[in-house]
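Scroll down for the structure; my scribbles are underneath it.
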Amino acid sequence: MRIFDPHIHMTSRTTDDYERMAAAGVRAVVEPAFWLGQPRTSAASFADYFDSLIGWEPFRAGQFGVRHHATVALNPKEANDPRCRPVLDLLPRYLEKDAVVAVGEIGYDDMTPAEDEAFATQLALAVDHDLPALVHTPHRDKARGVERSLAVVAESGIAPGRVALDHLNEVTVKLARDSGCWLGFSIYPDTKMSPPRMVELLRTYGTERMLVNSAADWGRSDPLLTRATGEAMLAAGFTDDDVDLVLWRNPVEFYGQSGRLDLTDLDTPSSGTFEGNSILRGGD
Ligand SMILES: [Zn+2]
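Just so we're aligned, residue 1 is where the sequence shown starts under full-length UniProt numbering, counting upward by one.
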């Protein structure tokens, strides 16, 4: 089983995770820029974070045979913090980088006017830079969040086929599907979407434009739930080809629209150093 996790925050995960993921068939990941769990105090803090998402973290992933790409954005939560908003002026520089395959995560947290503005501004950046967009849908008031997100997407002029709406569930899947956007589902250990619930949605809505991710981060989450979903699909009678479509070819097609997805030489784990530093203590 080859797996592409289209949404995982590896910066907050350990090397054990990379080892277990590689052993489970995870060959490639996309790490969206997001909130750190505590507020950033300036745009400069984002610059260091973005630099690590396109520098150190892809290097670290490569040591374990996992290909790493990133998406960059001002996340919905921090769009509300005036100290962070100047990062919008930094984004164009990062959106030119080869390792960046979309604008994201953007979208709504609390659906405030500041979020409206940051969301629309960043969709315009996606259009300008010819990149897809990864849209986080709110964990509270989900249906209204998806409705409003779709209105902002429509207004931006970005093609729905270049947008993934993430963190969908049974309540929001139909609305999102009818829009022509890609459908992202985050599989969590004990809340929200689970592998059996995901299998039911695939049975009902088919495998087209479906993306499954672990959204693993610094909270309770599990980077192997993509694999668990693949196993649950097989147990439910889906074919190996169905699993490959959902867990590999779909995310490749979605992020491939950036023209920057590099999946060559996946079988050769990288070695060496990044700017003189290795993953060994002391940089040896
Ligand atoms: Zn996320």
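The beta-carbon is built from N, C-alpha and C at its ideal position, and this holds for glycine as well.
Source: prediction; values computed, not measured.
> Is L211 near G237, with beta carbons less than 8 Å apart?
Replying inline: no
> In the region 142-177, which residue ranges form an unbroken alpha helix (DSSP H) of at least 4 residues, counting only runs that do not cross its ends?
Replying inline: 142-156
>> My output table needs one value for N250: the three-state DSSP class, helix, strand or coil.
In response: helix
>> Give the residues whose C-beta lies closer than 7 Å to at least one heavy atom of ligand 1, in chain order.
In response: H7, H9, P32, F34, E105, H136, A215 and D217
> Whole alpha helix (DSSP H) runs in the region 41-107 with 4 or more residues, listed along the chain?
Replying inline: 43-54, 56-63 and 87-95
> Which residue comes first and which comes last in the alpha helix (DSSP H) that contains F185?
Replying inline: Premise fails: F185 lies in the beta strand (DSSP E), W182 to S186, not in any alpha helix (DSSP H).
> Could you give the residue range of the alpha helix (DSSP H) that holds R203?
Replying inline: P195 to Y205
> Is the number of C-beta pairs between the region 162-180 and the region 142-153 that are closer than 8 Å three or more?
Replying inline: yes
> CB H7 to CB V26, shorter than 8 Å?
Replying inline: no
> When the distance is taken between beta carbons, is Y108 closer than 8 Å to G145?
Replying inline: yes
>> If you reduce the DSSP assignment to three classes, tell me which class R27 lands in.
In response: strand
> From T56 to T11, what distance separates their C-alpha atoms?
Replying inline: The sequence shown places Trp at residue 56, not Thr. If I take the Cα positions, the gap works out to 9 Å.
> DSSP on P132, reduced to helix/strand/coil?
Replying inline: coil
> Taking all protein chains shown into account, do 16 or more other C-beta atoms lie within 10 angstroms of the C-beta of V103, making it buried, or fewer, making it exposed?
Replying inline: buried
> By a C-beta neighbour count over all protein chains shown, 10 Å radius and 16 as the cutoff for buried, is D284 buried or exposed?
Replying inline: The pLDDT assigned to D284 is 49, lower than 50, so where the model puts this residue is not dependable, and the model offers no usable value.
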